[in-house]
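If you're matching them up, the sequences are chains A and B in order. Heads up, the first sequence is in this note's numbering, so the first residue is 4 and it goes up one at a time. Heads up, the second sequence is in this note's numbering, so the first residue is 388 and it goes up one at a time. Backbone N, C-alpha and C fix where the C-beta goes; we use that ideal spot for every residue, glycine too. Written below as C-alpha cells is the structure these notes are about.
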Amino acid sequence: MSVAFWALAVLAVAAGVTVFVVDSMARATFALLASLLAVGGTFLLIDLRYLGVLIVLMMVMEMMIMAVFMIMYMMNPAGLMPMKMVHNNRVAAIIAGTVFVLLAAGTLFTPWPAAKERPGGDPTHALGLSIMGPKMLVMMVIGVAILATMISTVVLATHKGRYDR
Amino acid sequence: MTLQGFLLLAAALFAVGLYGALSQQSIVMLMMGLELMINGLIVAGGAFWYYLAPQNADGQVLVLVAVTVMALEMAVGFAVVTAIFRARDVDTTDDAGDLKE
Numbered sequence: 004m005s006v007a008f009w010a011l012a013v014l015a016v017a018a019g020v021t022v023f024v025v026d027s028m029a030r031a032t033f034a035l036l037a038s039l040l041a042v043g044g045t046f047l048l049i050d051l052r053y054l055g056v057l058i059v060l061m062m063v064m065e066m067m068i069m070a071v072f073m074i075m076y077m078m079n080p081a082g083l084m085p086m087k088m089v090h091n092n093r094v095a096a097i098i099a100g101t102v103f104v105l106l107a108a109g110t111l112f113t114p115w116p117a118a119k120e121r122p123g124g125d126p127t128h129a130l131g132l133s134i135m136g137p138k139m140l141v142m143m144v145i146g147v148a149i150l151a152t153m154i155s156t157v158v159l160a161t162h163k164g165r166y167d168r
Numbered sequence: 388m389t390l391q392g393f394l395l396l397a398a399a400l401f402a403v404g405l406y407g408a409l410s411q412q413s414i415v416m417l418m419m420g421l422e423l424m425i426n427g428l429i430v431a432g433g434a435f436w437y438y439l440a441p442q443n444a445d446g447q448v449l450v451l452v453a454v455t456v457m458a459l460e461m462a463v464g465f466a467v468v469t470a471i472f473r474a475r476d477v478d479t480t481d482d483a484g485d486l487k488e
C-alpha cells in the first residue's frame, strides 16, 4: 500500500513537472493526464473507489478535449524545435519553491489529530446519502454552475452574438 | 501512507501548478498550471476525509466540487481563449494586457 502510494505520488509530481518541460503542448496535455490519473490511483488506495474512478473517467475525457484545443492553439507542432514560452521564470520558480516549503513545513510541524477509525459501510453510500440529503444545496449549485458555464462558453465562443447579425 | 504523505503530495502538486500558472506565457499552458493546483486541492481534500473526518461525507463532497471546478475552469478558459484569439489574434498572456493601461 505504502509503496504503491509513494510510487503514484512520485509519478503524479514527475508528470506535473513534465507538463512544463516538454516542448510540445500535446505532450504536455498527456503528461497532465498522467498526473491526474496518478491522483485518481491514490484515491483508490484510501477507499474512495467512486471518486477515484470518477476522477479517472472525467479527466480522460477532459484531457481528450484539451488535447484538441492544445493542437488548435499550438505554436510548436509536435515539439520539433526546442522552445520555451515563459516570463518571470526565476521569480515564478522562487515563489513556487517558497510556497512548497511553507506548505510542507505546515504539513510536517502541525500536530494533526490521530487518524480516526472509519465507521464501517461504503463511503460511496455515505456520499450519496449526503448529497441527496444535507449537502443537496451543494449539488444544486453545481448543477446551476454547469448550466451557466454551458451558456457562457457558447456565448463566448460563437462568432457573433445572437442579436449581432 | 500517512496524512503527511498525502499533504506533501498535495503541496508539491500545488507548487508545480503555481510555477506554471505564474511563468507560462501561453494562456492554455497557464490553464494547465491551474489544473495542477486544483489537482493538489483534490488530493488534500480526499486525505482529510480519510484520516481526519471519515464519519461524514463532507470531504468527499468537497472533492466533488473541486473536480467540477476543474472541468468548468477548463471550459470557460478555452471559451475565453477562443474569444480573445478571434477578436485579436492573441494567445499569450503578455499580449492580453489591456487592463494594465
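Leaving out the 5 sequence neighbours to the left and right, which residues in its chain are closer than 7 angstroms to residue i when beta-carbon positions are compared?
i                      : result
residue 416 of chain B : 407
residue 438 of chain B : 390
residue 411 of chain B : 417, 420
residue 7 of chain A   : 48
residue 457 of chain B : 422, 425
Roughly how many angstroms lie between the CA atoms of residue i and residue j, to the nearest whole one?
i                      : j                      : result
residue 59 of chain A  : residue 15 of chain A  : 13 angstroms
residue 139 of chain A : residue 27 of chain A  : 42 angstroms
residue 32 of chain A  : residue 76 of chain A  : 13 angstroms
residue 141 of chain A : residue 433 of chain B : 17 angstroms
residue 90 of chain A  : residue 162 of chain A : 31 angstroms
residue 446 of chain B : residue 107 of chain A : 21 angstroms
residue 128 of chain A : residue 436 of chain B : 15 angstroms
residue 13 of chain A  : residue 479 of chain B : 31 angstroms
residue 74 of chain A  : residue 29 of chain A  : 6 angstroms
residue 454 of chain B : residue 125 of chain A : 21 angstroms
residue 132 of chain A : residue 461 of chain B : 29 angstroms
residue 156 of chain A : residue 51 of chain A  : 32 angstroms
residue 121 of chain A : residue 37 of chain A  : 30 angstroms
residue 136 of chain A : residue 469 of chain B : 39 angstroms
residue 118 of chain A : residue 388 of chain B : 12 angstroms
residue 123 of chain A : residue 5 of chain A   : 22 angstroms
residue 21 of chain A  : residue 69 of chain A  : 17 angstroms
residue 472 of chain B : residue 71 of chain A  : 16 angstroms
residue 130 of chain A : residue 427 of chain B : 21 angstroms
Can you name the residues that DSSP bridges to residue i?
i                      : result
residue 479 of chain B : B/413
residue 89 of chain A  : B/411
Looking only at its own chain, which residues have a Cβ that is under 6 angstroms from the Cβ of residue i, when we skip the five neighbours before and after it?
i                      : result
residue 11 of chain A  : 41, 44, 45
residue 54 of chain A  : 46
residue 398 of chain B : none
residue 443 of chain B : none
residue 39 of chain A  : 62
residue 465 of chain B : none
Am I right that residue i and residue j are in contact with their C-beta atoms under 8 angstroms? What's the rounded C-beta distance?
i                      : j                      : result
residue 145 of chain A : residue 452 of chain B : 7 angstroms
residue 2 of chain A   : residue 403 of chain B : Here chain A comprises residues numbered 4 to 168, so residue 2 of chain A is not present and cannot be evaluated.
residue 181 of chain A : residue 66 of chain A  : Residue coverage of chain A in this structure runs from 4 to 168, which leaves residue 181 of chain A outside it and unanswerable.
residue 425 of chain B : residue 450 of chain B : That pair is no contact at about 11 angstroms.
residue 459 of chain B : residue 149 of chain A : 7 angstroms
residue 400 of chain B : residue 100 of chain A : Not really, about 14 angstroms apart at Cβ, beyond 8 angstroms.
residue 102 of chain A : residue 405 of chain B : 6 angstroms
residue 98 of chain A  : residue 409 of chain B : 6 angstroms
Should residue i be listed as close to the ligand GTP, given that the test is whether its C-beta is under 8 angstroms from any heavy atom?
i                     : result
residue 90 of chain A : Judged by which ligands are present, the structure shown has none, so any question about the ligand GTP falls away.
So that I know if they touch, is there some Cβ in chain C lying closer than 9 angstroms to that of residue i?
i                      : result
residue 107 of chain A : Of the protein chains in this structure, namely A and B, none is chain C.
Sorted by chain position, which residues of the same chain lie with C-beta nearer than 8 angstroms to residue i's C-beta, five sequence neighbours on each side aside?
i                      : result
residue 134 of chain A : 141, 142
Legend entry - Within the stretch 21–80 of chain A, ranges of the alpha helix (DSSP H) (whole runs, at least 4 residues): Assignment of alpha helix (DSSP H) within the stretch 21–80 of chain A, counting only whole runs of 4 or more residues, yields 28–48, 52–75 in chain order.
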